[in-house]
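*Asks:* Let me give you the structure first, and then I'll get to my questions.
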Amino acid sequence: MAALHVSIQAQILNLFIKLRDELDLTYLFISHDLGVVRHLSDRVVIMYLGRIVESASADTIFAHANHPYTLALLASAPKLEVRRTEFFAVKGEIPSPLHPPSGCHFHPRCPHAMPRCKVEKPELKEVGAKHFSACHLNDGTA
Ligand code: SF4
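Basically this note's numbering = 1-based index in the sequence shown + 1384.
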């Protein structure tokens, strides 16, 4: 989709939505484009280096994201309402998925990383109604 002109992309997205509604379809839609994800999805699953880090309704993800990686993604997405272009890129390089970091895969790039993040994999836990996040910050222990 990213290689398509935006007008063609919009036509295809609208066709997806029309077919979904008319034929009562369910899509598994994989994208890095958060604007498209928001437009098309009822439920969103955020992955980092092969692990699910957050899952919730699209409304919840875009209004009340919990995981530091999701928050960084949202902060780095271009916003239509902001006329000047501001980017808040996630710091650091993406590690190799063949040799991911220990503990929480996101710890080398996370602004909230603490010692346990390097050694302990955070489990996906419910942090709200049908809202799941895998982050030690949700345990309330630093
Ligand atoms: S578990 Fe630690 S490193 Fe991973 S996202 Fe949470 S605070 Fe950051």
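We treat Cβ as the ideally placed atom computed from N, Cα and C, and that holds for glycine.
(1) Let's see if you can read the secondary structure: which residues bound the beta strand (DSSP E) around LYS1509?
(2) Mind checking whether GLY1476 and ARG1500 have CB atoms under 7 Å apart?
(3) When you measure from the CB of ALA1394 to every non-hydrogen atom of the ligand SF4, does any distance come out below 6 Å?
(4) Would you call the CB atoms of ALA1461 and LEU1455 closer than 7 Å?
(5) Go through its chain and collect everything with a Cβ distance to SER1517's Cβ below 6 Å, but skip five positions before and after it.
(6) Counting along the chain, where does the alpha helix (DSSP H) carrying ILE1430 start and finish?
(7) Hey, could you find the ends of the alpha helix (DSSP H) PHE1400 is sitting in?
(8) So, for ARG1422: in the same chain, excluding its five sequence neighbours on each side, which residues have a beta-carbon less than 7 Å away from its beta-carbon?
(9) Taking the beta strand (DSSP E) that PHE1446 falls in, what are its first and last residues?
*Replies:* Short version:
(1) 1509-1512
(2) no
(3) no
(4) no
(5) GLU1438, ASN1450, HIS1451, VAL1511
(6) Note, ILE1430: premise wrong, no alpha helix (DSSP H); beta strand (DSSP E) at 1427-1432.
(7) 1390-1407
(8) ALA1442, PHE1446
(9) Where PHE1446 is concerned, there is no enclosing beta strand (DSSP E), although the alpha helix (DSSP H) it sits in stretches over 1442-1448.
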